[in-house]
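A.B. asks: Chains as they are written, first to last, in the working numbering: chain A, 201 to 505; chain B, -13 to 262. We put the CB at the ideal spot given by N, CA and C, even for glycine. Provided herewith is a single structure, encoded as structure tokens, for subsequent inquiry.
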């Protein structure tokens, strides 16, 4: 009987009799059929539709205008403003939540009683719906009815009106998002820390390196792949922030928290400019794709130890 | 391996810092519960109250009458439930094919599916809305559910768990005359129960919490889910904080309980893939 030698991704070689191979293929195609339909209809077709519609005008008649909507995006002050503030937001959230996440992970990477409970509690904000988080913080930070101002008065500090001050509202949202995201980064860093062989730490200890020296010269370099991974997914997800703006600030004051996805959402569903909104979406999509490719590339040439 | 301790004598400091941060992490939730028990006057007092003077448990009854809250709860349960069941059935099915079958274009198909991981939801939201409008599926369960029936993340995760299973298991079942679907349902699925638990929990929580899509595809009150329904207390019944807090608590409790009892799966799931 003729034999096909096949190799799967693990490198395992399997000899399959020929008749069985084509039967296998048939079953494989049948089992994959639902996935084929789903990803075609709900991923690939929408993206083609979106690109096609981004090349048309929003005015009556929907004339084909090539890349006019993309050109418009670069001239539209609102879109530029929205992109810039979203970028500031994403970078700030990423840096702060990584610092806190790493700090928490280092503390939790010791053996002590109550470790699991503390880890669980620290992860609760991440598991909570952005809607609950948004509503809660909007109440807490409210200049009139919020509890935070009362606490500030009680301890003799000046009160805040972050949510109604256009210079500060974005930073209030950064703070809330860091509060929510740090537990997630903590878990990823914790996994990274546990992946570092203890061998190196022991060797450095014997050589007389102190705790800071071991952290600086062993932990940080060996954690580099985790750090890169966390930073990229954090930037990517913060670039898509939406609920904070929708629920807490409604994009204000003075559009100072008009996050990009919130902006696109409004351009499409409030102003009805679907073609322009599609072009804006594609531009952000490209930015995120570039970030993703950087991540994939660096992962491939990852650190070896 | 856990380190014994960061530096000598680090333990008291560890407890202190982690204790403060853990308190910061849950304080807003405790405040939410306290707020949900206040009277309307207390929530609006110029001088905000922490402990309600006369706990208003009635707030929890009122929300079901003020808005069709039972319906919101049911809608969320149906949407998140159906999506989760669909993932639990279809993700491992495709994962099984990629783990154990040999066929033409296998790698092409696999890369195409993995490629969808790079497509964030907001990229699909506008064309999906147009499609749903075209199908007449605005304000329907189909509209809320169908964009999320499977995920590349789930397929990939399931493939990783099925790959190490021995071929002998499958071959033996084939020789015994089991149908191909029977092998999937009775041999493969039971072998990957812990992975299915992780996938199911993540999927359920993600879609219980989903906000953007229900906001887009639904504009009638009775088709709102819990998340979009809650914002009603914020818009139409302007700023009734005690109801908003009570509703948030009702939305929060199922997820909190689910998380507390199964947190091991969540932590492993995050660490394994870095994805929610």
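(1) What does the alpha-carbon distance come out to for the pair residue 97 of chain B and residue 147 of chain B?
(2) For chain A, check one thing: does any of its Cβ atoms lie closer than 9 Å to the Cβ of residue 166 of chain B?
(3) Would you mind reading off the limits of the alpha helix (DSSP H) that contains residue 368 of chain A?
(4) Given a limit of 9 Å on CB to CB distance, which residues of the stretch 170 to 203 of chain B reach chain A?
(5) In this structure, how does DSSP classify residue 42 of chain B when only helix, strand and coil are distinguished?
(6) Could you give the distance in angstroms between the alpha-carbon of residue -2 of chain B and the alpha-carbon of residue 82 of chain B?
(7) Would you grab the beta carbon distance between residue 37 of chain B and residue 21 of chain B for me? Rounded to a whole angstrom, and I think it's under 8 Å.
(8) Anything in chain B within Cβ reach of residue 262 of chain A, meaning under 7 Å, just list it in chain order.
(9) With distances taken Cα to Cα, identify the nearest neighbour of residue 231 of chain A among B:76, B:30 and B:7.
(10) If you measure beta-carbon to beta-carbon, which residues of the stretch 215 to 249 of chain B are closer than 9 Å to chain E?
(11) Span of the alpha helix (DSSP H) holding residue 471 of chain A?
(12) Roughly how many angstroms lie between the CA atoms of residue 459 of chain A and residue 353 of chain A, to the nearest whole one?
(13) Which stretch, first to last residue, makes up the alpha helix (DSSP H) that contains residue 269 of chain A?
(14) In terms of residues, what are the limits of the alpha helix (DSSP H) holding residue 265 of chain B?
(15) Check for me: the alpha helix (DSSP H) holding residue 123 of chain B runs from which residue to which?
(16) Tell me the rounded alpha-carbon separation between residue 321 of chain A and residue 242 of chain A.
(17) With three or more beta-carbon pairs closer than 8 Å as the criterion, would you say the stretch 421 to 429 of chain A touches the stretch 447 to 464 of chain A?
(18) Throw me the rounded Cβ distance for the residue 461 of chain A and residue 444 of chain A pair, which I believe falls under 8 Å.
(19) Using the Cα positions of residue 78 of chain B and residue 171 of chain B, report the straight-line distance between them to the nearest angstrom.
(20) Does the count of Cβ pairs from the stretch 241 to 260 of chain A and the stretch 99 to 117 of chain B closer than 8 Å reach three?
(21) At what residue ranges does the stretch 146 to 187 of chain B contain a whole run of the alpha helix (DSSP H), taking only runs of 4 or more?
(22) Quick one: measure Cβ to Cβ for residue 85 of chain B and residue 149 of chain B, integer angstroms, because I've assumed they're closer than 8 Å.
(23) In angstroms, rounded to a whole number, what distance separates the CA positions of residue 311 of chain A and residue -4 of chain B?
(24) I'd like the ranges of any alpha helix (DSSP H) spanning at least 4 consecutive residues and lying wholly in the stretch 372 to 457 of chain A.
(25) Against chain B, does residue 289 of chain A count as a neighbour if the rule is that its beta carbon must be under 9 Å from one of theirs?
(26) Can you list, in chain order, the residues of its chain with a C-beta nearer than 6 Å to that of residue 251 of chain B? Leave out the 5 residues immediately preceding and following it.
(27) Leaving out the 5 sequence neighbours to the left and right, which residues in its chain are closer than 7 Å to residue 266 of chain A when beta-carbon positions are compared?
(28) Below 7 Å CB to CB, which residues in the same chain sit around residue 283 of chain A once its five sequence neighbours on both sides are set aside?
(29) Of the residues B:136, B:47, B:160 and B:26, which one's Cα is nearest the Cα of residue 66 of chain B?
(30) With the cut-off set at 9 Å, would you say residue 324 of chain A and residue 18 of chain B are in Cβ contact?
(31) Cα separation between residue 55 of chain B and residue 215 of chain B?
(32) Is it buried or exposed, residue 412 of chain A, if we count other Cβ atoms within 10 angstroms and call 16 or more buried?
(33) In chain order, what residues of the same chain lie with their CB nearer than 8 Å to the CB of residue 504 of chain A, ignoring the 5 residues before and after it?
(34) By the 10 Å Cβ neighbour count, where 16 or more other Cβ atoms means buried, how is residue 392 of chain A classified, buried or exposed?
(35) Quick one: which chain A residues come within Cβ less than 9 Å of residue 19 of chain B?
(36) Measure the alpha-carbon distance for residue 496 of chain A versus residue 235 of chain A and round it to whole angstroms.
C.D. replies: Taking the definition as stated:
(1) As a first step, residue 97 of chain B must be located in the second chain, where it is residue number 111. As a first step, residue 147 of chain B must be located in the second chain, where it is residue number 161. Straight across, the Cα-Cα distance linking residue 97 of chain B with residue 147 of chain B is about 18 Å.
(2) If you number the second chain from 1, residue 166 of chain B lands on position 180. Yes, contact with chain A.
(3) Here residue 368 of chain A is taken as the residue at index 168 of the first chain, counted from 1. Note, residue 368 of chain A: premise wrong, no alpha helix (DSSP H); not H, not E.
(4) Flagged, chain order: 170, 191, 194, 195, 196, 197, 198, 201 and 202.
(5) Counted from its first residue, the second chain places residue 42 of chain B at position 56. In this structure, residue 42 of chain B counts as coil in the three-state DSSP scheme.
(6) Taking the second chain and counting its residues from 1, one reaches residue -2 of chain B at position 12. Taking the second chain and counting its residues from 1, one reaches residue 82 of chain B at position 96. Near 49 Å, if we compare the C-alpha coordinates of residue 82 of chain B and residue -2 of chain B.
(7) On the second chain, position 51 is the one that residue 37 of chain B refers to. On the second chain, position 35 is the one that residue 21 of chain B refers to. The pair is not a contact, with the Cβ atoms about 11 Å apart (cut-off 8 Å).
(8) Counting from one through the first chain, the residue named residue 262 of chain A turns up at place 62. What residue 262 of chain A touches in chain B: nothing, since even the nearest Cβ is about 12 Å away.
(9) Counted from its first residue, the first chain places residue 231 of chain A at position 31. Among B:76, B:30 and B:7, the Cα nearest to that of residue 231 of chain A belongs to B:76.
(10) The question asks about chain E, but that chain is absent: this structure's protein chains are A and B.
(11) Against the first chain, residue 471 of chain A aligns to sequence position 271. Element bounds for residue 471 of chain A: n/a, residue is neither H nor E.
(12) In the first chain, residue 459 of chain A corresponds to position 259, counting from 1. In the first chain, residue 353 of chain A corresponds to position 153, counting from 1. Approximately 32 Å, taken between the alpha carbons.
(13) Locating residue 269 of chain A in the first chain gives position 69, counting from the first residue. Element bounds for residue 269 of chain A: 268 to 275.
(14) Residue 265 of chain B lies beyond the stretch modelled for chain B, which goes from -13 to 262, so this question has no answer here.
(15) Position 137 of the second chain, counted from the first residue, corresponds to residue 123 of chain B. Bounds of any alpha helix (DSSP H) do not take in residue 123 of chain B, whose DSSP letter is neither H nor E.
(16) Translated into positions along the first chain, residue 321 of chain A becomes position 121. Translated into positions along the first chain, residue 242 of chain A becomes position 42. The straight-line gap from Cα to Cα measures roughly 36 Å.
(17) Touching, no.
(18) Indexing the first chain from 1 puts residue 461 of chain A at position 261. Indexing the first chain from 1 puts residue 444 of chain A at position 244. That pair is no contact at about 10 Å.
(19) Within the second chain, residue 78 of chain B is the residue found at index 92, counting from 1. Within the second chain, residue 171 of chain B is the residue found at index 185, counting from 1. The alpha-carbon atoms of residue 78 of chain B and residue 171 of chain B are separated by roughly 10 Å.
(20) The stretch 241 to 260 of chain A is in contact with the stretch 99 to 117 of chain B.
(21) Entirely contained in the stretch 146 to 187 of chain B, the alpha helix (DSSP H) runs reaching 4 residues are, in chain order, 153 to 161.
(22) What you label residue 85 of chain B is simply residue 99 of the second chain in a count that begins at 1. What you label residue 149 of chain B is simply residue 163 of the second chain in a count that begins at 1. Rounded, the Cβ-Cβ distance is 4 Å, consistent with contact.
(23) Residue 311 of chain A sits at position 111 when you count from the first residue of the first chain. Residue -4 of chain B sits at position 10 when you count from the first residue of the second chain. Spanning the two alpha carbons is a distance of roughly 11 Å.
(24) Fully enclosed alpha helix (DSSP H) runs of 4 or longer: 398 to 406, 411 to 414 and 424 to 439.
(25) Counting from one through the first chain, the residue named residue 289 of chain A turns up at place 89. So no, residue 289 of chain A is outside the interface.
(26) In the second chain, the residue the question calls residue 251 of chain B occupies position 265. Scanning its chain for C-beta atoms nearer than 6 Å, with the 5 sequence neighbours on each side dropped, one finds around residue 251 of chain B the residues 183, 184 and 187, in chain order.
(27) Here residue 266 of chain A is taken as the residue at index 66 of the first chain, counted from 1. Excluding residues within five positions, the ones whose Cβ falls inside 7 Å are 255.
(28) Within the first chain, residue 283 of chain A is the residue found at index 83, counting from 1. Counting only Cβ-Cβ distances below 7 Å, and skipping sequence neighbours, we find 460.
(29) Position 80 of the second chain holds residue 66 of chain B. Answer by Cα proximity: B:136.
(30) Stepping through the first chain from its first residue, residue 324 of chain A is reached at position 124. Stepping through the second chain from its first residue, residue 18 of chain B is reached at position 32. No, they are not a contact pair.
(31) Taking the second chain and counting its residues from 1, one reaches residue 55 of chain B at position 69. Taking the second chain and counting its residues from 1, one reaches residue 215 of chain B at position 229. Per the coordinates, the alpha-carbon of residue 55 of chain B lies some 7 Å from the alpha-carbon of residue 215 of chain B.
(32) Position 212 of the first chain, counting from 1, holds the residue named residue 412 of chain A. By the neighbour-count rule (16 or more Cβ atoms within 10 Å), residue 412 of chain A is not buried but exposed.
(33) Position 304 of the first chain, counting from 1, holds the residue named residue 504 of chain A. Low confidence applies here, because residue 504 of chain A scores a pLDDT of 48, under 50, leaving its location unreliable and the question unanswered by this model.
(34) On the first chain, residue 392 of chain A is found 192 positions in, with the first residue counted as 1. The residue in question, residue 392 of chain A, is buried, as its Cβ has 16 or more Cβ neighbours within 10 Å.
(35) Along the second chain, one-based indexing puts residue 19 of chain B at 33. Listed along chain A is no residue with a C-beta nearer than 9 Å to that of residue 19 of chain B; the closest approach is about 10 Å.
(36) Looking up residue 496 of chain A in the first chain gives position 296. Looking up residue 235 of chain A in the first chain gives position 35. Between residue 496 of chain A and residue 235 of chain A, the C-alpha separation is close to 24 Å.
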